[in-house]
Every structure is written in structure tokens, then in C-alpha cells.
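Chains as they are written, first to last, in this note's numbering: chain A, 454 to 571; chain B, 454 to 571.
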DNA sequence: CAGTATCCGAGTAGATACTG
DNA sequence: CAGTATCTACTCGGATACTG
């Protein structure tokens, strides 16, 4: 047996771990949709996102936003109006998800055609 | 990095639905990793995947494989040996996930560097 | 406006044991 | 080898009500 065959599976394990890492960050029913909404509008407030993301509850939105912030994908900015306004925005790191979001969108459309068509 | 282009909000709603569709298909702790394993080896047996995907139980693997098959991402082929051998393979439709898997892998590595480095 | 608090059912997932 | 069966704990997520 060639040594590359020993090396490749090992490399593959690392790749699979990387995929898992990403999926852990994006887990939850709403995360990608929330990111997509913030990305689309650049800046977005809590209640706006609540309207954008069809079906989400304020409890879940609050929770998902916190997790996204912990993972440094979004920032939360308090603006000193009365009452206070909160702006959510993508970080530079968060913006690097753009390609993935686009791919997921494209694939979703294709999948729908495939499943309905069959 | 790119910014989100100006679509009409109505168009954006459809895009978000498409993302949701994809995430619904890929939901579950192990699906992407399983696909990644099958993809890497082209053909893969049940117990092989069980070894590839670190931490998964046979119950979960069985369940996830069924769902992937229902969504027409993989095929299950029974080969008449003794005892029988089962081959799992990606369908053509399943193979279209390749780009997404690669992107998720790349992003996972970048994210790890980002989080550990901060 | 931007969230919290609480209750609860449904689904997810692990451990272990068993089957053809 | 390729799964099922069962039991159990944990988490997800919805509904409703409440706060500064």
C-alpha cells in the first residue's frame, strides 16, 4: 500500500472536523436566515429582523442573536435614542459567510425543483 | 468582501426560503459529515461510515442515512455477498453539494483560526 | 423598542442490548 | 455486517405574559 493512502484519510478526518465546526456555528433553525436578513439590509434592528424572518419568536431571535455575537459573526450596537435603538451588523468575519449563504440559496432552489419534479 | 446587492425585499424573502429549504435538508448533527465521508471515498459501507464519523451511534447513522436517501442525496445498494454488503453512494443530485461542503470546510478552518486567535 | 421569564411538548441524541 | 429496539436525558422551539 502506498503511503498517500495512509495520509489522505487522516487529512480527511481534519476536513470533516472543520465541516462540523461550521455546522455547529450555523446550527439552529434560524441562524442563516437571520444572517441573510442582516446582510441584505446591512444594518438591522431587532423588531425588523423579527418581521423579516417569518415564524420566529422573540425568544428564539434573542437567543440566536446572542450565539451569533459570541461567535463573532455579528455586532450589537446600542444607539442612545429614546427609547434606545439597537443595530445588528455583520462583522468582517461574518461577511465571509456570504459565499456559503449564496451557495445554500442556489442549492435550495435546485433542490426544490428536483424534489417537486420527481 | 462583497456586500449584499440591492434586490427587492420580496425577492429576498424567496431567497431566505430557499436557504431554509437547504438547511432543513442538511439539519441534524451528522448529515454533512456523513455526506463528506461518502463523497471522499465514492462508495462507503455502513460500518466504514460509523468509523469515519467520530462519535456517531449506529442508531443515528441509520436514521440520518434514511433521511438522506429520502431526499435523494444518496443511494443504498445491496450487494449479494455473505453476509450482504451495502454500498452508499452520492446521487448526481447529492454530488451538487460538493461545492457547499468544500466551502463549509474552508470556512470552518478559517473560523477556528479566528476564534482561537482572538 | 428590545428584549426576559416561564411553562411545556416534541424532537434529538446517547447508551446498551439484540437480530438475521 | 448492517442494522433494530428500547429506555432515558437533554435540547429545541412555540406560546404567552411581562419589563425598563
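Idealized CB from N, CA, C, for every residue including glycine.
Among the residues of its own chain, which have a CB less than 7 Å from the CB of residue i, if the five just before and after it don't count?
i, result
"residue 513 of chain B", "483"
Among the candidates the options, whose CA atom is the shortest distance from the CA of residue i?
i, options, result
"residue 526 of chain A", "A/546, A/509, A/510, A/468", "A/546"
"residue 489 of chain A", "B/471, B/537, B/508, B/503", "B/471"
"residue 500 of chain A", "A/537, A/473, A/466", "A/537"
"residue 524 of chain B", "A/559, A/571, A/530, A/495", "A/571"
"residue 492 of chain B", "B/553, B/569, B/567, B/568", "B/553"
"residue 532 of chain A", "A/498, A/559, A/510, A/550", "A/498"
"residue 548 of chain B", "B/569, B/568, B/529, B/495", "B/495"
"residue 559 of chain B", "A/559, A/467, A/555, A/511", "A/467"
"residue 516 of chain A", "A/534, A/487, A/507", "A/487"
"residue 550 of chain A", "A/511, A/469, A/461, A/476", "A/476"
"residue 462 of chain A", "B/502, B/464, B/473", "B/502"
"residue 567 of chain B", "A/465, A/464, A/469, A/474", "A/474"
Just to confirm my understanding: we take residue i, look at its own chain, exclude 5 residues before and 5 after, and list those with CB closer than 8 Å. What are they?
i, result
"residue 457 of chain A", "In this prediction, residue 457 of chain A scores a pLDDT of 48, lower than 50, which makes its location untrustworthy; no coordinate-derived value is stated."
"residue 557 of chain B", "485"
"residue 529 of chain B", "518, 522, 539, 540, 541"
Just to confirm my understanding: we take residue i, look at its own chain, exclude 5 residues before and 5 after, and list those with CB closer than 6 Å. What are they?
i, result
"residue 504 of chain B", "none"
Quiz item: Per the contact definition of three or more C-beta pairs closer than 8 Å, is the stretch 480-487 of chain A in contact with the stretch 514-522 of chain A?
Solution: yes
Practice problem: Give, in chain order, every residue of the stretch 491-513 of chain B whose Cβ lies closer than 9 Å to some Cβ of chain A. | Solution: 493, 494, 505, 506, 507
Quiz item: Taking any Cβ of chain B, which residues in the stretch 539-568 of chain A have a Cβ under 8 Å from it, in chain order?
Solution: 545, 546, 548, 549, 550, 551, 552, 553, 554, 556, 557, 558, 559, 560, 561, 562, 563, 564, 565, 567, 568
Quiz item: Are the stretch 529-547 of chain B and the stretch 560-568 of chain B touching, with three or more C-beta to C-beta distances below 8 Å?
Solution: no
Exercise. Compile a chain-ordered list of the residues in the stretch 474-489 of chain B whose CB is closer than 7 Å to at least one CB of chain A.
Key: 474, 475, 476, 478, 485, 486, 489
Exercise. Please name the residues in the stretch 461-472 of chain B whose beta-carbon is closer than 7 Å to at least one beta-carbon of chain A, in chain order.
Key: 465, 468, 469, 471, 472
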